[in-house]
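**Q** Structure incoming, see below.
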Amino acid sequence: MSERWRFWSGIAIVAGTIFGVGVFAIPYAVAQSGPVAGLFWFAVVAFAVVSLHLLYGSLQLSGNSHKRLISLVGNNLGSKWRFVPFVSTFVGGAGAMLAYLIVGGNFAKLFFGDLLNVSFDQWTVVIWLLFSVLIFFGVKSVAKFELVATGALFLGVIFLIVFFWQNASISLIPQGSAVNFFVPYGVILFSLYGANSIPEMVEFVGDKNRKITTIIMIGTLLPLVCYIFFTFGILGLSGSSVSTDAISGLSGLVNPAIIKIAALVGFLAIATSFVTVGLYLADTLTEDLRFPTLVAHMIAVCIPVILFLIGLRNFITIAGFIGAVLGAIDGILISYIFLRLRSSGRISPLVYTPRLIPIILIAVFLVGICGEIVFLIFK
Numbered sequence: 031m032s033e034r035w036r037f038w039s040g041i042a043i044v045a046g047t048i049f050g051v052g053v054f055a056i057p058y059a060v061a062q063s064g065p066v067a068g069l070f071w072f073a074v075v076a077f078a079v080v081s082l083h084l085l086y087g088s089l090q091l092s093g094n095s096h097k098r099l100i101s102l103v104g105n106n107l108g109s110k111w112r113f114v115p116f117v118s119t120f121v122g123g124a125g126a127m128l129a130y131l132i133v134g135g136n137f138a139k140l141f142f143g144d145l146l147n148v149s150f151d152q153w154t155v156v157i158w159l160l161f162s163v164l165i166f167f168g169v170k171s172v173a174k175f176e177l178v179a180t181g182a183l184f185l186g187v188i189f190l191i192v193f194f195w196q197n198a199s200i201s202l203i204p205q206g207s208a209v210n211f212f213v214p215y216g217v218i219l220f221s222l223y224g225a226n227s228i229p230e231m232v233e234f235v236g237d238k239n240r241k242i243t244t245i246i247m248i249g250t251l252l253p254l255v256c257y258i259f260f261t262f263g264i265l266g267l268s269g270s271s272v273s274t275d276a277i278s279g280l281s282g283l284v285n286p287a288i289i290k291i292a293a294l295v296g297f298l299a300i301a302t303s304f305v306t307v308g309l310y311l312a313d314t315l316t317e318d319l320r321f322p323t324l325v326a327h328m329i330a331v332c333i334p335v336i337l338f339l340i341g342l343r344n345f346i347t348i349a350g351f352i353g354a355v356l357g358a359i360d361g362i363l364i365s366y367i368f369l370r371l372r373s374s375g376r377i378s379p380l381v382y383t384p385r386l387i388p389i390i391l392i393a394v395f396l397v398g399i400c401g402e403i404v405f406l407i408f409k
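Going letter by letter, the sequence shown gives residues 31 to 409 in my numbering.
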């Protein structure tokens, strides 16, 4: 396998893991806070996530090769701390799958319209059944599907970005409210966080690959650029009427065919994300808690739909909470482990990393957790 192929495949692993349904939550969140606050949070989260991914990459190359976060915490902080990343991984994963189901039902209804007399709830259950089957087939059976779906997703989003920007007007972008300044933070973090891809990428490209730093940076920043252009393209079309899923609010503003294309692109985003996260949760249960494979898969696929059926259906709130709280917990753990190993001389950073960087990251994530909780309580 050529170095060039490994390089671009490594980028695809990172970018493909990151790029998903979160892109459809960002426009509404930015509309609430305004473009200035939105760009501010894009910059803050980009710095935090790129830095975090580089720290995690360094950990993978320093005696913790290809370790998932739960094992990493157990090895470096003691087994008594393993429950923290397990809870954040499991609750965050189940919450993310719930978010995918919510927006998936919307996209299915948009795509089929009045062609089929199926309600939003019914579409959501149908989508859940379809994706659950893919999860039960396992990694090898869905690998080709994910590769094709991710490629089609990127092409579809690029097409939509070009179309939106050709028809958008800057004057329509909502100015938001200072009260909602914090809203985009958790949603953008939810959409850009991709640390789970780093062990897989390092294993694929090889521990000695000198381009791992470049792979991580390009793989993380490529989705970010798409997110920014997609967000402001949507806002320039929808204005203050932007919907929580970004697409349904375009009805009556663009050709219905564009709505269907956008809904199909969204469906692809949901498919790749739901299956990937579901398999990761099932693997967590089997590898870390020794659950039987069938039981682990049943738990992984059933919890999201149960949460949906009992009434948890606010896409933006769920995405924001997962990013700002659960994603931040993982970020704090990675940063602290890096800081601890760096202080003892047991790690060689991928890039020059002042001791202050992981400390800043921990502070940012802690402030984000507190801010999200306060916002949810008093909003």
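Yeah, the Cβ is synthetic: ideal placement off N, Cα and C, and Gly gets one too.
Considering only the beta carbon of each residue, do Arg36 and Val305 sit closer than 8 Å?
**A** Translated into positions along the sequence shown, residue 36 becomes position 6. Translated into positions along the sequence shown, residue 305 becomes position 275. No, these two residues do not count as a Cβ contact at 8 Å.
**Q** What do you get for Asp275, buried or exposed, if any count of 16 or more other CB atoms within 10 angstroms of its CB means buried?
**A** Counting from 1 along the sequence shown, the entry for residue 275 is found at position 245. Label assigned to Asp275: buried.
**Q** Can you tell me which residues form a DSSP beta bridge with Ser32?
**A** Stepping through the sequence shown from its first residue, residue 32 is reached at position 2. Looking at the DSSP assignment, Ser32 forms no beta bridge with any residue, so it has no partner.
**Q** For the alpha helix (DSSP H) holding Val51, just list the boundary residues, first then last.
**A** Position 21 of the sequence shown holds residue 51. Here Val51 belongs to no alpha helix (DSSP H), and DSSP marks it neither H nor E.
**Q** Could you pull out every residue in the same chain whose Cβ sits closer than 6 Å to the Cβ of Ala330, ignoring the five residues on either side in sequence?
**A** Position 300 of the sequence shown, counted from the start, is the residue given in the question as residue 330. Result list for Ala330: Gly308, Leu311 and Ala312, in chain order.
**Q** Are the beta-carbon atoms belonging to Leu89 and Ile364 less than 8 Å from one another?
**A** In the sequence shown, the residue the question calls residue 89 occupies position 59. In the sequence shown, the residue the question calls residue 364 occupies position 334. Yes; because the gap between Cβ atoms is below 8 Å, this pair is in contact.
**Q** Could you tell me whether the segment 220-236 touches the segment 296-304, where touching means 3 or more Cβ pairs closer than 8 Å?
**A** no
**Q** Would you check if the segment 63-80 and the segment 212-219 touch, i.e. whether three or more CB-CB distances between them fall below 8 Å?
**A** yes
**Q** Asn285: buried (16+ other C-beta within 10 angstroms of its C-beta) or exposed?
**A** Residue mapping note: residue 285 aligns to position 255 of the sequence shown, counting from 1. Exposed, by the Cβ-count rule.
**Q** Does the separation of the CB atoms of Gly325 and Glu402 fall below 8 Å?
**A** Counted from its first residue, the sequence shown places residue 325 at position 295. Counted from its first residue, the sequence shown places residue 402 at position 372. This sequence places Val at residue 325; Gly is not what is there. Cβ distance not < 8 Å, so Val325 and Glu402 don't count as in contact.
**Q** Spatial neighbours of Trp111 within its chain, please: C-beta separation below 6 Å, excluding the five flanking residues on both sides.
**A** One-based indexing of the sequence shown puts residue 111 at position 81. For Trp111, where only same-chain residues beyond five positions count, the Cβ hits under 6 Å are Val103.
**Q** Looking at the unbroken alpha helix (DSSP H) that takes in Phe70, where does it start and where does it end?
**A** As a working note, residue 70 is residue 40 in the sequence shown. That run of the alpha helix (DSSP H) goes Pro65 to Gln90.
**Q** Report the partner residues of Ser281 according to the DSSP bridge assignment.
**A** Counting from one through the sequence shown, the residue named residue 281 turns up at place 251. DSSP, once it has assigned bridges, lists Val284 as partnering Ser281.
**Q** Can you tell me where the alpha helix (DSSP H) with Gln152 in it begins and where it stops?
**A** In the sequence shown, residue 152 corresponds to position 122, counting from 1. Segment Phe150 to Phe167, the alpha helix (DSSP H) holding Gln152.
**Q** Restricting to Cα atoms, I'd like to know which of Leu85, Ile245 and Gly266 is closest to Ala45.
**A** For the purposes of this step, residue 45 is taken as the residue at position 15 of the sequence shown. Looking at the Cα atoms, Ile245 is the closest of the given residues.
**Q** Closest to Ala292 by C-alpha separation, out of Leu252, Val255, Lys139 and Phe220, would be which residue?
**A** By 1-based counting over the sequence shown, the position of residue 292 is 262. Answer by Cα proximity: Lys139.
**Q** Assuming Phe211 is part of the alpha helix (DSSP H), what are its boundary residues?
**A** Within the sequence shown, numbered from 1, the residue matching residue 211 stands at position 181. No alpha helix (DSSP H) holds Phe211; DSSP gives it neither H nor E.
**Q** Quick check: Ser349 and Gly52, are their CB atoms within less than 8 Å of each other?
**A** As a working mapping, residue 349 is identified with position 319 in the sequence shown. As a working mapping, residue 52 is identified with position 22 in the sequence shown. For the sequence presented, residue 349 should be read as Ala rather than Ser. Against a cut-off of 8 Å, the Cβ pair of Gly52 and Ala349 comes out as a contact.
**Q** Below 8 Å between beta carbons: does that hold for Gly122 and Ile362?
**A** On the sequence shown, position 92 is the one that residue 122 refers to. On the sequence shown, position 332 is the one that residue 362 refers to. Cβ atoms of Gly122 and Ile362: not closer than 8 Å.
**Q** Could you tell me how far apart the beta carbons of Leu219 and Val75 are, in whole angstroms, since I believe they sit closer than 8 Å?
**A** As a first step, residue 219 must be located in the sequence shown, where it is residue number 189. As a first step, residue 75 must be located in the sequence shown, where it is residue number 45. The Cβ separation is near 5 Å, so the contact holds.
**Q** Enumerate in chain order the residues of its own chain whose CB-to-CB distance from Leu337 is below 6 Å, with the five nearest sequence positions on each side excluded.
**A** Residue numbering aside, residue 337 sits at position 307 when the sequence shown is read from its first letter. Closer than 6 Å at Cβ, skipping near neighbours: Leu128.
**Q** Going along the chain, which residues of its own chain have a beta-carbon closer than 6 Å to the beta-carbon of Ile191, five neighbours each way excluded?
**A** In the sequence shown, counting from the first residue as 1, residue 191 sits at position 161. Same-chain partners within the cutoff: Phe259, Phe260 and Gly263.
**Q** With C-beta atoms as the reference, is Ile29 less than 8 Å away from Val80?
**A** Nothing can be reported for residue 29: it is not among the residues displayed for the chain, which extend from 31 to 409.
**Q** Expressed to the nearest angstrom, what Euclidean distance is found between the alpha-carbon atoms of Ile203 and Phe405?
**A** In the sequence shown, the residue the question calls residue 203 occupies position 173. In the sequence shown, the residue the question calls residue 405 occupies position 375. CA-CA distance, Ile203 to Phe405, rounds to 24 Å.
**Q** Measure the alpha-carbon distance for Cys256 versus Ile132 and round it to whole angstroms.
**A** Counting from 1 along the sequence shown, the entry for residue 256 is found at position 226. Counting from 1 along the sequence shown, the entry for residue 132 is found at position 102. Distance between the alpha carbons of Cys256 and Ile132: 23 Å.
**Q** At what residues does the alpha helix (DSSP H) containing Asp360 begin and finish?
**A** Here residue 360 refers to the residue found at position 330 when the sequence shown is read from its first residue. Segment Ala358 to Ser373, the alpha helix (DSSP H) holding Asp360.
**Q** Rounded to a whole number of angstroms, what is the C-alpha to C-alpha distance between Thr316 and Pro322?
**A** Mapped onto the sequence shown, residue 316 falls at position 286. Mapped onto the sequence shown, residue 322 falls at position 292. Looking at the two C-alpha atoms, the distance is approximately 6 Å.
**Q** Which two residues bound the contiguous alpha helix (DSSP H) that contains Leu386?
**A** What you label residue 386 is simply residue 356 of the sequence shown in a count that begins at 1. Taken as a continuous stretch (DSSP letters only), the alpha helix (DSSP H) holding Leu386 covers Leu386 to Phe408.
**Q** Under 8 Å, do Ile165 and His327 count as touching if we go by C-beta distance?
**A** Here residue 165 refers to the residue found at position 135 when the sequence shown is read from its first residue. Here residue 327 refers to the residue found at position 297 when the sequence shown is read from its first residue. The answer is yes: Cβ separation under 8 Å.
**Q** Closest by CA to Val295, which one among Ser118, Thr119 and Phe141?
**A** Mapped onto the sequence shown, residue 295 falls at position 265. The shortest Cα separation from Val295 among Ser118, Thr119 and Phe141 belongs to Phe141.
**Q** Whose C-beta lies closer than 8 Å to the C-beta of Ile41 among residues of the same chain, with five residues either side of it excluded?
**A** Looking up residue 41 in the sequence shown gives position 11. The answer, listed in chain order, is Ile245, Ile248, Gly249 and Leu252.
**Q** Ala198: which of Ser268, Ile277, Tyr130 and Gly181 sits nearest, CA to CA?
**A** In the sequence shown, counting from the first residue as 1, residue 198 sits at position 168. Checked all of Ser268, Ile277, Tyr130 and Gly181; the closest Cα to Ala198 is Ser268.
**Q** Excluding the 5 residues preceding and the 5 following Ala78 in the sequence, name in chain order all residues of the same chain whose CB lies nearer than 8 Å to its CB.
**A** Position 48 of the sequence shown, counting from 1, holds the residue named residue 78. So the list reads Leu219, Gly361, Leu391, Val394 and Phe395, once near-sequence residues are dropped.
**Q** Reducing DSSP to helix, strand and coil, say where Val381 ends up.
**A** Position 351 of the sequence shown, counted from the start, is the residue given in the question as residue 381. Looking at Val381 - three-state DSSP - the assignment turns out to be coil, as it is neither helix nor strand.
**Q** In angstroms with no decimal places, state the Cα-to-Cα distance between Val149 and Ser39.
**A** Stepping through the sequence shown from its first residue, residue 149 is reached at position 119. Stepping through the sequence shown from its first residue, residue 39 is reached at position 9. Residue 149 is actually Ser in this sequence, not Val. Roughly 40 Å separates the two Cα atoms.
**Q** Among Ser109, Asn105 and Asp151, which one has its Cα closest to the Cα of Arg343?
**A** Working through the sequence shown from its first residue, we reach residue 343 at position 313. Ranking the options by Cα distance to Arg343, first place goes to Asp151.
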